[in-house]
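A.B. asks:
2 protein chains.
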Amino acid sequence: MATTREDCIELDRRDPLAPLRELFELPPQSIYLDGNSLGALPKATAGRLAQVVRQEWGRDLIGSWNSADWIGLPGRVGDKIARLVGAGASELVAADSTSVNLYKVLGAALTIARSDAPAARRILSEHSNFPTDLYIAAGAARERGFDLVLAGPGEIERSIDERLAVLLLTHVDYRSGRMHDMARLTRLAHDAGALVVWDLAHSAGAVPVDLHEANADFAVGCGYKYLNGGPGAPAFVWVHPSHADRFEQPLSGWMGHAAPFEFDAGYRPAGGIARYLCGTPPILSLAALECGVDTVLAAERFGGMQAIRRKSLALSALFAERVDAQCAGSGLARLTPLPDAERGSQISYSRADGAYAIVQALIARGVVGDFRAPDVLRFGFTPLYTRHVDVFDAVDHLAAILRSGEWQQPQFSRRAAVVT
Amino acid sequence: MATTREDCIELDRRDPLAPLRELFELPPQSIYLDGNSLGALPKATAGRLAQVVRQEWGRDLIGSWNSADWIGLPGRVGDKIARLVGAGASELVAADSTSVNLYKVLGAALTIARSDAPAARRILSEHSNFPTDLYIAAGAARERGFDLVLAGPGEIERSIDERLAVLLLTHVDYRSGRMHDMARLTRLAHDAGALVVWDLAHSAGAVPVDLHEANADFAVGCGYKYLNGGPGAPAFVWVHPSHADRFEQPLSGWMGHAAPFEFDAGYRPAGGIARYLCGTPPILSLAALECGVDTVLAAERFGGMQAIRRKSLALSALFAERVDAQCAGSGLARLTPLPDAERGSQISYSRADGAYAIVQALIARGVVGDFRAPDVLRFGFTPLYTRHVDVFDAVDHLAAILRSGEWQQPQFSRRAAVVT
């Protein structure tokens, strides 16, 4: 365990991923621990966007759908993301938002469930799941005559039974950072005859995921967190090849048609994952997403997702242990479990009062974490650009703010909208 | 009628909209008649995107959701588009794709129809409607126990009866350029107890639209055609205020929640049009869309949509009349009706053979129109940057290609994917 700042500097010096920090534009004098909300800007993105705008759009105009292969971009970016989550080529596309993609896969999953296990009428998820997943699931359940059942902490396994149609879980919890055992829960759900949808919003690019090894059925995920795709970047959707061709998804737009440019009046879904496309893809945002995904793929030279995971665990352990040591008795209650297999790439705390103001006081010192209602302080670690020394210094700032009562200054309590 | 090139140059000299051409980066030596597929690049876009990327994302990171009001962007851009289509402030948002937005409004419209007129079980549209509208409508109809009925040319009015739940029409036909009488058809559908959804993909920014005067119920539209928002730009959705609060739409994502940042497990829809948002908005693409919409709003100083319409009609009439004169006997059959009230901002022809190759031969000469399967040549006019002299020259090229048989050179028949 590194206990001094010098130890941390030495760890950073020996860090095999250290060169990757150079791929990012990071604000000076700032420690950014919010890449789990919005990933930092890759250096390549501005230039690539300028090229897409000035040359591909401005000069080549409509011809770029062919000449610049805009039409292939959802699949090309999808293939790159696939490498990060244990999916095969041509099994994953970048498109739409996580919410919209979740609606697509739930529509397909419920259709399959109705066909294969008509007596099973439950969608099971967690109270703590990210709200948009619950909102989309509640709507899809109601429309299709299923019940959305929400489990409390530790209740998932015992809630899996023959009534289960679809298990919908977020792999790493957005608030607590707790990580599920994807393979085990998938197997339990399959044993009960159910399908499993995984939301990888806080997993893709953050922790190793192997969708095929886990034998998952469907997955969705986010482009703007650990994939560094930019604010509101397109999301992604993956469907196990054994399901992809069986049923239509409900958002049957023209980009999912077998031959969109024949302009048939009747819908004929494309084979495979392409049928999970819907409308015309947002090329500017997709081009930026590709640059972001490339920063994660750049780690393949240095050990890939396994190396990212090793460093992530080291950073989060360092943070938690230093908080235990420096902030003891300050009212912070850690929400994130510390066993390696049970946490993602963040550490979160609840505090009975002042959580929002403490986060603001940290931001005023240049340490950017975030607040999650009602009482959570959240700190994310992105091994591509977060250093051990950043973690060390961040805890020093946190401890100083708590010790001094600095956070009680009135300006830190003024609320603004806060966004994931 | 301008019959000489000099006449056209004189018309351009006196054109009140002429200064607006300076707002665009247009490829040199090219006549771009495909703004109905992908609008040209506004000069402001590259700089604005660089600012969003380098400063708002790169430097201010997550804080820009508040400080740069990213969170307000769908509504801010929506308010600007609203001014172009006769909608009120806070009635329209920019979000998702046209296909996804159509799914939202059909979901809401069918819910309302089921409540208000339970015996009416038909969605009526046209065989000739843009395919994605038909694909989405077919899916929504099947899921919700409605029938999608498609009318042939001239059959819409006689197909409106008490069985009608929702009339779904594209205002200006993507292929023929024929424009519907929005007010009249809306009134006929309302008289039959039905709701009306208008797709404004080829209308917004191209022809005057007044959704309130027409008393329309729902509208969707496209950001990347006449709004110049860039490839795959976000689309828009409008709901009449009397409907907006009545029912949920099916894509109940967190951005449509009354208080997204309270992270409630239960969905409570926002008031008004905000509930038609779903996932996190794609900020880069929305910022580019705002620049595009601004180019159309810039016409307000010079007469606005009425001035755009006057010039559009002059350009398309000039094109059609010169084709009649220069290309007589060449096998081109005009699909676009010529009465002013019946056409949008394009002129289309069918031809028994060679339509694709003729379009390619035109592109080789720098005249960019497009081909629409199976046999259509399509030429769009964007009064913000299309000049009379461009139209004059384009017809000269077309006539020369047809006269000489130049289009029969083998390289012009090689097919690539072609995109709207």
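Residue numbers (my numbering), protein chains in the order written: chain B, 1 to 420; chain S, 421 to 840. A virtual CB, placed ideally from N, CA and C, is assigned to each residue, including glycine. Just so it is clear, the structure is predicted and the values come from calculations on it, not from any experiment.
1. Which class does I767/S belong to by DSSP, given the choice of helix, strand or coil?
2. According to DSSP, what are the bridge partners of L41/B?
3. Count the other C-beta atoms from every protein chain shown that fall within 10 angstroms of the C-beta of D499/S, then say buried if there are 16 or more, exposed otherwise.
4. Which word fits Q669/S, buried or exposed, when buried means at least 16 other C-beta atoms lie within 10 angstroms of its C-beta?
5. Evaluate A636/S with the Cβ neighbour count: other Cβ atoms within 10 Å of its Cβ, from every protein chain shown; 16 or more gives buried, anything less gives exposed.
6. Against chain S, does G75/B count as a neighbour if the rule is that its beta carbon must be under 8 Å from one of theirs?
7. Rounded to a whole number of angstroms, what is the C-alpha to C-alpha distance between V323/B and G366/B?
8. Between L502/S and I308/B, what straight-line distance do the alpha-carbon atoms span, to the nearest angstrom?
9. Report the residue ranges of all alpha helix (DSSP H) runs contained in full by the region 184-237 of chain B; include only those spanning at least 4 residues, in chain order.
10. When you compare the CB of F832/S with every CB in chain B, is at least one pair closer than 8 Å?
11. Please list the terminal residues of the continuous alpha helix (DSSP H) segment that includes S824/S.
12. Is the region 261-272 of chain B in contact with the region 545-560 of chain S, if contact means three or more CB pairs nearer than 8 Å?
13. Taking the alpha carbon of E22/B as the reference point, which residue from G39/B, K43/B, A183/B and T4/B has its own alpha carbon closest?
14. From Y174/B to S345/B, what distance separates their C-alpha atoms?
15. With respect to the alpha helix (DSSP H) encompassing A560/S, which residues constitute its N-terminal and C-terminal limits?
16. Got a sec: is the Cβ-Cβ distance from T280/B to anything in chain S below 8 Å?
17. Do you know whose CA, among L150/B, D15/B and R163/B, lies nearest T170/B's CA?
18. Between which two residues does the beta strand (DSSP E) holding A571/S run?
19. Specify the secondary structure class of F302/B as computed by DSSP and reduced to three states.
20. How about H677/S: is its C-beta nearer than 8 Å to some C-beta of chain B?
21. Pull up the CB-CB distance for N456/S and K645/S, whole angstroms please, since I reckon it's below 8 Å.
22. Could you give the first and the last residue of the continuous alpha helix (DSSP H) run that contains I532/S?
23. Could you work out which residues of chain D lie near G652/S, taking near to mean beta carbons separated by less than 7 Å?
24. Does the beta carbon of I451/S sit closer than 8 Å to a beta carbon anywhere in chain B?
25. By the criterion of Cβ-Cβ separation under 8 Å, what are the contact partners of A138/B in chain S?
26. Using only the alpha-carbon positions, how far apart do R542/S and S252/B sit?
27. Taking the Cβ atom as the reference point for each residue, do L804/S and A514/S lie within a distance shorter than 8 Å?
28. Tell me whether R343/B counts as near the ligand COA, meaning its Cβ is closer than 7 Å to at least one heavy atom of that ligand.
29. Let me know if Q831/S comes out buried or exposed under the rule of 16 or more other beta-carbons within 10 Å of its beta-carbon.
30. With DSSP collapsed to three states, give me the class of H677/S.
31. Can you tell me where the beta strand (DSSP E) holding Y170/B begins and where it ends?
32. Quick check: the Cα distance between F566/S and D665/S, rounded to an integer number of angstroms?
33. For the alpha helix (DSSP H) that contains G498/S, what are its first and last residues?
34. Is it buried or exposed for P702/S, if we count other Cβ within 10 angstroms and need 16 for buried?
35. Hey, how far is the Cα of A745/S from the Cα of V815/S?
C.D. replies: Looking at the atomic coordinates:
1. strand
2. E25/B
3. buried
4. Label assigned to Q669/S: buried.
5. Per the 10 Å Cβ criterion, buried.
6. G75/B has a beta carbon lying at 8 Å or more from every beta carbon in chain S.
7. 18 Å
8. The residue asked about is misnamed: residue 502/S is Ala in this sequence, not Leu. Roughly 46 Å separates the two Cα atoms.
9. Entirely contained in the region 184-237 of chain B, the alpha helix (DSSP H) runs reaching 4 residues are, in chain order, 211-214.
10. no
11. H808 to S824
12. yes
13. Minimum Cα distance to E22/B is reached at K43/B.
14. 10 Å
15. P551 to R564
16. yes
17. L150/B
18. Unbroken beta strand (DSSP E) run through A571/S: D567 to A571.
19. In the structure shown, F302/B sits in a helix (DSSP, three-state: H, G or I).
20. yes
21. 5 Å
22. T518 to D536
23. Among the chains of the structure shown, chain D does not appear; the protein chains present are B and S.
24. no
25. S672, G686 and Y687
26. 19 Å
27. no
28. No copy of the ligand COA occurs in the structure displayed, which carries no ligand at all.
29. Using a 10 angstroms sphere on the CB of Q831/S, the tally of other CB atoms stays under 16, which defines it as exposed.
30. strand
31. The identity of residue 170/B in the sequence shown is Thr, whereas the question assumes Tyr. It spans L164 to T170 - the beta strand (DSSP E) in which T170/B sits, taken as one unbroken run.
32. 23 Å
33. L493 to A502
34. buried
35. 10 Å
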